[in-house]
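In the numbering used here, the protein residues as written are 258 to 427.
We put the CB at the ideal spot given by N, CA and C, even for glycine.
All remarks here apply to the structure that follows.
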């Protein structure tokens with residue numbers, strides 16, 4: 258093998274480690290935070306062929322008032338050139354809720370999920386402003402942007418069409 262070929266493969270262990278780590282589920286969550294999609298949340302065909310679709314959302318409020326969102330996304334990921342690269346939680350006035358202001362999305366997705374469709378990822382520490390009673394979750398495709406199936410949650414209700422909410426009683 259040439260030295261150029263060997264140099265190319267020198268990064269393979271690093272790349273495999275990164276992909277394996279990035280593909281790992283979010284750190285272990287208590288069972289009460291795990292998404293439990295209802296039978297009506299299952300779709301055999303995505304609503305769109307190239308946009309990222311949100312299939313199911315579970316929102317759980319913590320005692321400190323922050324929320325954890327578990328979002329199930331379907332997208333025909335083909336690899337690094339075309340994959341679902343993030344999802345947002347958006348208020349009715351269009352404000353994107355992020356844990357850190359400089360983040361690209363509410364939840365950045367760092368790699369393709371070619372063999373893992375649909376997939377669920379969570380984000381905790383989301384603050385919903387006082388007085389806001391509904392939010393919309395949308396997913397983003399690296400190539401097509403936003404435009405797929407979105408789910409709007411009424412956070413005052415325990416469940417709705419393709420979503421579940423667990424809020425802390427006051």
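Close beta carbons around residue i, own chain, < 8 angstroms, minus the five adjacent residues each side
{"i": "residue 334", "result": "340, 341, 369, 370, 371 and 374"}
{"i": "residue 423", "result": "289, 315, 316, 317, 318 and 415"}
Beta-carbon spacing of residue i, residue j below 9 angstroms
{"i": "residue 313", "j": "residue 329", "result": "yes"}
{"i": "residue 384", "j": "residue 327", "result": "no"}
Collapsed DSSP secondary structure at residue i in the structure displayed
{"i": "residue 340", "result": "coil"}
{"i": "residue 428", "result": "Past the boundaries of the shown model lies residue 428; the chain is included only from 258 to 427, so the question cannot be answered."}
{"i": "residue 409", "result": "strand"}
{"i": "residue 355", "result": "coil"}
{"i": "residue 373", "result": "coil"}
{"i": "residue 383", "result": "strand"}
{"i": "residue 401", "result": "coil"}
{"i": "residue 378", "result": "strand"}
Closest Cα partner of residue i within the set the options
{"i": "residue 390", "options": "316, 308, 337 and 401", "result": "316"}
{"i": "residue 393", "options": "337, 318, 320 and 352", "result": "352"}
{"i": "residue 426", "options": "321, 358, 308 and 307", "result": "321"}
{"i": "residue 400", "options": "318, 415, 325 and 336", "result": "336"}
{"i": "residue 380", "options": "423, 366, 388 and 387", "result": "366"}
{"i": "residue 364", "options": "413, 338, 325 and 420", "result": "325"}
{"i": "residue 350", "options": "359, 338 and 388", "result": "388"}
Close beta carbons around residue i, own chain, < 7 angstroms, minus the five adjacent residues each side
{"i": "residue 395", "result": "311, 344, 345, 347, 403 and 407"}
{"i": "residue 361", "result": "343"}
{"i": "residue 417", "result": "410 and 411"}
{"i": "residue 382", "result": "323 and 356"}
{"i": "residue 309", "result": "330, 332, 341, 396, 397, 398 and 405"}
Residues of its chain near residue i, where Cβ-Cβ distance is below 6 angstroms and the 5 sequence neighbours each way are ignored
{"i": "residue 307", "result": "401"}
Closer than 8 angstroms: residue i CB and nearest the ligand MG heavy atom
{"i": "residue 362", "result": "In terms of ligand content, the structure shown is empty, and the ligand MG therefore cannot be addressed."}
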